[in-house]
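Below you'll find the structure, written out as structure tokens, and then a few comments.
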Amino acid sequence: MSFTVSIQTEDFDISKEIACLRAYDSSVGAVCSFVGTVREREQHIAGSEISSLELEHYPSMTERSIEKIMQSARERFKINAARIVHRVGLLQPMDQIVLVAVTSPHRGESFKACEFLMDYLKTEAPFWKKELTAGGARWVDARVSDDDAAARWRSES
Amino acid sequence: MRVNVLYFASIRESIGVSAEVLQTQAQNVEQLRDELINRGGIYAEVLSPNKVLKTALNQEMCTPQSPLSEGCELAFFPPVTGG
């Protein structure tokens, strides 16, 4: 049973991460994972195609806040293990940004826990994205829909 | 008391510093924010009550009423956008 977080500049290998997560645990019957990637902006906004994305974070708080989110997930769902990897620094379109992977005996709990972890990570973990385009740099605005997604779990509890 | 103040992302960029140590009489987060706003200029603009910003005290999300303590770390930052 492992619940681990890594914040890193390097890319991650999802196959290796999942292999580690379910190693030696024969009670696992389901693995659910989510990978977030850097996407290009809508092409109709001329000159706004992302040339790269810079991710800043609050080092002493980041891991702690994600561990707290994992603890809530453990209390809420019957899951065996979870792994979160979040990249920081300079990223390019199509790069992987974040991995959330969860194991459990049955699929329902993994599916739910994976979405729960991702929804809370989006609203609680101190990361900030800055888009670097040909037209200049701009900080990405937080989305109300992300707050709504996290709030949904609160109303279900 | 002494408070370590940190700024992140757009707030850090606007103010032009990432950290400062403050000697303050402020008892809670809101009072310290007001003290910074009273400096005027970019502080008043960026930390204005109209601006949606988040605060963390000793690396945990906090509220305006959270009490400060000697040597604590208080961070100001915009809503998070990771993932």
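In the order they appear, the protein sequences are chains A and B.
With our numbering applied, the first sequence covers 1 to 157.
With our numbering applied, the second sequence covers 1 to 83.
Ideal placement from N, C-alpha and C gives every residue a C-beta, glycine not left out.
Small disclaimer: the values here were computed from a predicted structure and weren't measured.
Which listed residue (the options) has its alpha carbon closest to that of residue i
i	options	result
Arg154/A	Val35/A, Ile69/A, Val28/A, Val140/A	Ile69/A
Arg76/A	Gly29/A, Ser27/A, Ser15/A, Glu115/A	Glu115/A
Leu3/B	Gly82/B, Ala9/B, Ser10/B, Leu36/B	For clarity, residue 3/B is Val in the given sequence; the question names Leu instead. Out of Gly82/B, Ala9/B, Ser10/B, Leu36/B, Leu36/B has the C-alpha closest to the C-alpha of Val3/B.
Gly82/B	Tyr24/A, Val28/A, Thr123/A	Thr123/A
Ile42/B	Gly71/B, Gly16/B, Ala9/B	Gly16/B
Glu67/A	Val100/A, Asp25/A, Lys129/A, Glu10/A	Val100/A
Glu30/B	Ser10/B, Glu70/B, Leu22/B, Thr55/B	Thr55/B
Asp147/A	Arg83/A, Ala125/A, Lys130/A	Ala125/A
Tyr24/A	Ala149/A, Val38/A, Phe12/A, Ser2/A	Ser2/A
Any chain B beta carbon closer than 7 Å to residue i
i	result
Ala30/A	no
Ala82/A	no
Val5/A	no
Gly89/A	no
Trp153/A	no
Val98/A	yes
Ala149/A	no
Ala101/A	no
is_contact[residue i, chain A] using C-beta, thresh 7 Å
i	result
Ser18/B	no
Thr63/B	no
Ser10/B	yes
Thr55/B	no
Gly71/B	no
Beta-carbon contacts of residue i that lie in its chain and below 7 Å, excluding the five residues immediately before and after
i	result
Ile7/A	His57, Thr62, Glu63, His86, Val88
Asn58/B	Cys72, Glu73
Contacts around residue i, its chain only, beta-carbon distance under 6 Å, and the 5 residues preceding and following it disregarded
i	result
Thr103/A	Leu21, Arg22, Val28, Val31, Asn80, Ala81
Residue i: CB within 6 Å of a non-hydrogen atom of the ligand MN
i	result
Cys20/A	As presented, the structure is devoid of all ligands, the ligand MN included, so that no description of it is given.
*asked:* For the pair the segment 88-99 of chain A and the segment 20-30 of chain A, tell me if three or more CB-CB distances fall below 8 Å.
replied: no
*Can you list, in chain order, the residues of the segment 62-80 of chain A whose Cβ is nearer than 7 Å to any Cβ on chain B?*
Arg64
*In the segment 111-135 of chain A, which residues sit with their C-beta less than 8 Å from some C-beta in chain B, listed in chain order?*
Met118, Leu121, Lys122, Thr123, Glu124, Ala125, Pro126, Phe127, Trp128, Lys129, Lys130
*Is the segment 13-28 of chain B close to the segment 27-42 of chain A, with three or more CB pairs under 8 Å?*
no
_Using 8 Å as the cut-off, can you tell me whether the segment 39-48 of chain B makes contact with the segment 130-142 of chain A, which would need three or more C-beta pairs spanning the two stretches below that distance?_
no
*Pairing CB atoms from the segment 138-145 of chain A with CB atoms from the segment 107-116 of chain A, are three or more of them under 8 Å?*
no
_Where the segment 50-61 of chain A meets chain B: residues whose CB sits under 8 Å from a CB there_ = Leu55, Glu56, His57, Tyr58, Ser60, Met61
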